Amino acid sequence: AVNDIREAEKDVAYKLMSRRVFEKCQKLFNKQNQSTLCADQIKKYLGRYLITPNATRFTNNNCENCHIILYECSGEILTMMPLHLQLPIISKPREVAFLNEYCKVMKPIAQALDILQGDKHVSLGFLLPAISLINFYRFQRYTESQTCKLAACLIPKFKLNWVDPDKRNEIKEALYTYVSEQLVEKTQDSSITLESTSSSTLQNVDTFSDNNVEDDFFIFNNTPISNDDNDIKTIINDYFTNNNIKNVNDLPQILKKPYLELNTAVPSSAHVERLFSAGGQLFEKRRSSIADKNFEMTLLLKFNELK
Numbered sequence: 001a002v003n004d005i006r007e008a009e010k011d012v013a014y015k016l017m018s019r020r021v022f023e024k025c026q027k028l029f030n031k032q033n034q035s036t037l038c039a040d041q042i043k044k045y046l047g048r049y050l051i052t053p054n055a056t057r058f059t060n061n062n063c064e065n066c067h068i069i070l071y072e073c074s075g076e077i078l079t080m081m082p083l084h085l086q087l088p089i090i091s092k093p094r095e096v097a098f099l100n101e102y103c104k105v106m107k108p109i110a111q112a113l114d115i116l117q118g119d120k121h122v123s124l125g126f127l128l129p130a131i132s133l134i135n136f137y138r139f140q141r142y143t144e145s146q147t148c149k150l151a152a153c154l155i156p157k158f159k160l161n162w163v164d165p166d167k168r169n170e171i172k173e174a175l176y177t178y179v180s181e182q183l184v185e186k187t188q189d190s191s192i193t194l195e196s197t198s199s200s201t202l203q204n205v206d207t208f209s210d211n212n213v214e215d216d217f218f219i220f221n222n223t224p225i226s227n228d229d230n231d232i233k234t235i236i237n238d239y240f241t242n243n244n245i246k247n248v249n250d251l252p253q254i255l256k257k258p259y260l261e262l263n264t265a266v267p268s269s270a271h272v273e274r275l276f277s278a279g280g281q282l283f284e285k286r287r288s289s290i291a292d293k294n295f296e297m298t299l300l301l302k303f304n305e306l307k
């Protein structure tokens with residue numbers, strides 16, 4: 001786990017945030033170890049002493065300390081205790097959010113490592129159950145998400161191959177329900193549009209002449225044709241069994257819209273931030289009055305490779 005954390009620090013953004021936050025936490029640990037007066041002050045605020053983490057062995061104590069700092073140092077304590085000890089304050093929203101996310105991610109791994117590295121449960125039989133529970137607790141939010149399941153099964157490369165055979169029918173039914181609800185909403189919207197169109201047509205007929213009474217009599221409200229439930233099930237079953245459907249363009253028409261809705265993610269802002277981070281390099285003293293169009297062209301040319 002220690003090596004994995006070091007590997008994670010290859011991400012520059014994570015490295016900067018983690019080092020800044022953990023440096024503040026480490027100063028708090030050092031204060032407790034260096035001075036009995038500071039240790040008493042920490043116990044006064046928290047009701048307990050902090051357990052100093054081990055630098056060479058990742059344990060549950062690493063997460064417990066972050067948990068204590070987050071939840072038991074909330075509010076005024078989070079501000080007053082570091083000030084009293086003459087330490088930097090962990091008060092920025094991003095720093096608190098980082099610690100919170102760190103606890104959620106690392107807590108299951110830390111607990112499992114405590115069990116596997118302990119002296120009570122030394123049997124090999126504890127290994128696989130521990131790994132299984134780590135996957136369950138760490139990724140439960142995603143494995144139980146209906147949206148994630150439907151999004152995955154609408155990828156032609158995966159379909160239901162990744163699902164346990166016992167759960168495939170459940171996902172099929174969920175996809176059928178999702179598509180049926182979409183079609184019902186679509187037909188309702190279409191009927192509303194048709195009704196408004198027919199009413200406007202009637203008004204136009206009245207304004208033209210009073211001799212079109214016979215025409216008014218033969219104006220019908222268009223009733224939307226309902227989709228047969230069996231047809232939808234047939235299309236979905238055919239999609240899962242047809243090996244010729246290998247990309248998104250081969251999807252049946254009624255599955256293309258669900259695919260777009262479920263698999264279209266919110267784009268990351270990292271690329272935009274990286275693009276405009278170079279804006280300051282373009283605004284030199286001699287180019288301070290550059291026009292917007294020229295600025296845009298210069299910025300794009302800077303990042304695009306000319307072929």
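For the record, in the sequence shown the residue sitting at position 183 is 183 according to UniProt numbering, with numbers rising by one throughout.
Quick reminder that beta carbons are idealized off the backbone N, C-alpha and C, glycines included.
Just so we're clear, the structure is a prediction, and the values are computed from it rather than from any experiment.
- With at least 16 other beta carbons inside 10 angstroms of its own, V179 counts as buried.
- With 16 or more other CB atoms across the displayed protein chains lying within 10 angstroms of its CB, V21 is buried.
- For the pair P252 and I235, the CB atoms are nearer than the 7 angstroms cut-off.
- When DSSP states are grouped into helix, strand and coil, V12 belongs to the helix group.
- Straight through space, the alpha carbons of L85 and A39 are spaced by roughly 10 angstroms.
- Assigned with DSSP and collapsed to three states, R6 falls in helix.
- Membership of I109 in the alpha helix (DSSP H) is indicated by the continuous run P93 to L116.
- Counting only residues of its own chain and dropping the five nearest sequence neighbours on each side, K15 has a CB closer than 6 angstroms to the CB of E9.
- DSSP, reduced to helix, strand and coil, places S289 outside both helices and strands of the structure shown, so it counts as coil.
- Cβ contact annotation for L175 (same chain, cutoff 7 angstroms, sequence separation greater than five): L150, C153 and I236, in chain order.
- The beta carbon of P82 lies closer than 6 angstroms to those of I89 in the same chain, with the five residues before and after it left out.
- Ranked by Cα distance from F29, the first of D11, V96 and I51 is I51.
- Taking a C-beta distance under 7 angstroms as the contact criterion, M17 and F139 do not qualify as a contact pair.
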